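Going down the list, the protein sequences come from chains R and V. All the letters of the first sequence, read from the start, carry residue numbers 1 to 114 under this note's numbering. All the letters of the second sequence, read from the start, carry residue numbers 1001 to 1114 under this note's numbering. Here the structure is laid out as structure tokens; the discussion comes afterwards.
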Amino acid sequence: QKEVEQNSGPLSVPEGAIASLNCTYSDRVSQSFFWYRQYSGKSPELIMSIYSNGDKEDGRFTAQLNKASQYVSLLIRDSQPSDSATYLCAVIVGPTGGGNKLTFGTGTQLKVEL
Amino acid sequence: GAVVSQHPSWVICKSGTSVKIECRSLDFQATTMFWYRQFPKQSLMLMATSNEGSKATYEQGVEKDKFLINHASLTLSTLTVTSAHPEDSSFYICSAVTADQPQHFGDGTRLSIL
């Protein structure tokens, strides 16, 4: 089992819809979770970080964390064509303070269609 | 805030050449810097973790004599690809982190070995 798993997609949503991106992780004691956006040919850009169970909202983005289910998700409301990118889920595997070493999922490609 | 500069952004060179890539944290002191490699349509693969003033920690399968990492200050780490060959062609990305803050990535260096 991979440490961080994501559906590779592509996930296609119409403009204005909600895009839902999902990620599961295997290490139950992980405490820190991140979503990065990566445009083709570019480096990753931090979108959200989340450390506690529940929802965290930032503009059109909402991260959701459920540690009991070992599941983290990213919702993008009012999706725009500019949101089309690969979204990487990243986890600091193990307890916090483990040197900030990230383990990445393979990424989900999101396509927002006009 | 949290700006990471990476230079050069693009390198094309002949096989056998050594190439140095710089990673700088511009507005913060990075306790740790990370070096990643990304092949087309794949996720980021961590190559090594670099802490200022100490030897880098390499991931399994990464040749430390081929990928030399120097972290001379809290704002600068360098990766030197020695005697580069076409199979070393890839997208190399650094990131920097301080304390328990999320990793922020440089813009990446696209290395092409002819």
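In this text, a Cβ means the ideal position worked out from N, Cα and C, and glycines have one as well. Computed from a prediction, not measured in an experiment: that's the story for all the values here.
Since R:Q64 is in the beta strand (DSSP E), which residue starts that stretch and which ends it? What you label residue 64 of chain R is simply residue 64 of the first sequence in a count that begins at 1. Note, R:Q64: beta strand (DSSP E), F61 to N66.
Member of R:M48, R:V91, R:Y51 and R:G9 whose CA lies at the smallest distance from the CA of R:N100: As a first step, residue 100 of chain R is located in the first sequence; it is residue number 100 there, counting from the start. Selected option, being the one with the closest Cα: R:V91.
Specify the secondary structure class of V:E1087 as computed by DSSP and reduced to three states. Taking the first residue of the second sequence as position 1, residue 1087 of chain V is located at position 87. The answer is helix: DSSP assigns V:E1087 an H, G or I state.
Under the assumption that R:Y87 contacts R:L102 (Cβ atoms under 8 Å), give the Cβ distance between them as a whole number of angstroms. As a working mapping, residue 87 of chain R is identified with position 87 in the first sequence. As a working mapping, residue 102 of chain R is identified with position 102 in the first sequence. No, R:Y87 and R:L102 are not in contact; Cβ-Cβ is about 14 Å, not under 8 Å.
C-alpha distance - V:L1079 paired with V:H1007, whole-angstrom precision: In the second sequence, counting from the first residue as 1, residue 1079 of chain V sits at position 79. In the second sequence, counting from the first residue as 1, residue 1007 of chain V sits at position 7. C-alpha separation (whole angstroms): 11 Å.
Count the other CB atoms, across all protein chains shown, that sit within 10 Å of the CB of V:G1108; report buried if there are 16 or more and exposed otherwise. Along the second sequence, read from residue 1 onward, the residue named residue 1108 of chain V stands at position 108. The residue is buried, with at least 16 neighbouring Cβ atoms inside 10 Å.
Bridge partners of R:Y51, per DSSP? The sequence position of residue 51 of chain R within the first sequence is 51, counting from 1. DSSP output for R:Y51 lists no bridge partner at all.
How long is the line joining the alpha carbons of R:G98 and R:D27, rounded to whole angstroms? Against the first sequence, residue 98 of chain R aligns to sequence position 98. Against the first sequence, residue 27 of chain R aligns to sequence position 27. Note that R:G98 scores a pLDDT of 47, beneath 50, so its modelled location is shaky; the value from the coordinates is reported in the next line. Each residue's alpha carbon lies about 13 Å from the other.
Hey, does R:T24 have any beta-carbon neighbour from chain V nearer than 9 Å? Along the first sequence, read from residue 1 onward, the residue named residue 24 of chain R stands at position 24. When Cβ-Cβ separations below 9 Å define contact, R:T24 makes no contact with chain V.
Roughly how many whole angstroms lie between the Cα atoms of V:L1074 and R:S12? Here residue 1074 of chain V refers to the residue found at position 74 when the second sequence is read from its first residue. Here residue 12 of chain R refers to the residue found at position 12 when the first sequence is read from its first residue. Rounded to whole angstroms, V:L1074 to R:S12 spans 42 Å at the Cα level.
R:F124 touches chain V at which residues, Cβ-Cβ below 7 Å? A query on residue 124 of chain R cannot be resolved here, the shown segment of chain R reaching from 1 to 114 and no further.
Classify R:Q6: buried if its beta carbon has 16 or more other beta carbons within 10 angstroms, exposed otherwise. Position 6 of the first sequence, counted from the start, is the residue given in the question as residue 6 of chain R. So R:Q6 counts as buried.
Verify whether the separation of the beta carbon atoms of R:A63 and R:L46 is less than 9 Å. By 1-based counting over the first sequence, the position of residue 63 of chain R is 63. By 1-based counting over the first sequence, the position of residue 46 of chain R is 46. Going by C-beta atoms, R:A63 is not nearer than 9 Å to R:L46.
Relative to the C-alpha of V:V1004, which candidate in V:H1104, V:W1010 and V:K1014 has its C-alpha closest? As a first step, residue 1004 of chain V must be located in the second sequence, where it is residue number 4. Residue V:H1104 is the option with its Cα nearest to V:V1004.
Look at V:I1069 and V:D1088 and say whether their C-beta atoms are less than 9 Å apart. Mapped onto the second sequence, residue 1069 of chain V falls at position 69. Mapped onto the second sequence, residue 1088 of chain V falls at position 88. At least 9 Å separates the beta-carbon of V:I1069 from that of V:D1088.
Following the continuous beta strand (DSSP E) through R:V112, name the residue where it begins and the one where it ends. As a working note, residue 112 of chain R is residue 112 in the first sequence. Where R:V112 is concerned, the enclosing beta strand (DSSP E) stretches over T108 to E113.
When the cut-off is 9 Å and only beta carbons count, does V:H1085 lie next to chain R? The residue labelled residue 1085 of chain V in the question sits at position 85 within the second sequence. Chain R has no Cβ within less than 9 Å of the Cβ of V:H1085.
Of all the CB atoms in chain R, is at least one closer than 9 Å to the CB of V:R1110? Numbered from 1 along the second sequence, position 110 holds the residue referred to as residue 1110 of chain V. Closer than 9 Å: yes.
Helix, strand or coil: how does DSSP classify V:R1110 here? The residue labelled residue 1110 of chain V in the question sits at position 110 within the second sequence. Secondary structure at V:R1110: strand, using DSSP grouped into helix, strand and coil.
Between the stretch 42-64 of chain R and chain V, which residues of the former have CB atoms less than 8 Å from a CB of the latter, in chain order? Taking 8 Å as the Cβ-Cβ cut-off, the stretch 42-64 of chain R approaches chain V at K42, S43, P44, E45, L46 and S49, given in chain order.
Check whether the Cβ atoms of V:E1022 and V:S1095 sit closer than 9 Å, and answer yes or no. Residue mapping note: residue 1022 of chain V aligns to position 22 of the second sequence, counting from 1. Residue mapping note: residue 1095 of chain V aligns to position 95 of the second sequence, counting from 1. Contact flag unset, no.
Whole angstroms is fine: what's the gap from V:H1085's alpha carbon to V:I1012's? On the second sequence, position 85 is the one that residue 1085 of chain V refers to. On the second sequence, position 12 is the one that residue 1012 of chain V refers to. About 11 Å.
Could you give the C-beta distance for R:I76 and R:F61, rounded to a whole number, given that I count them as a contact under 8 Å? One-based indexing of the first sequence puts residue 76 of chain R at position 76. One-based indexing of the first sequence puts residue 61 of chain R at position 61. With 8 Å as the limit, R:I76 and R:F61 qualify as a contact, their Cβ atoms being about 6 Å apart.
Hey, is V:S1005 close to the ligand MG, as in C-beta under 8 Å from one of its heavy atoms? This structure does not include the ligand MG; it has no bound ligands of any sort.
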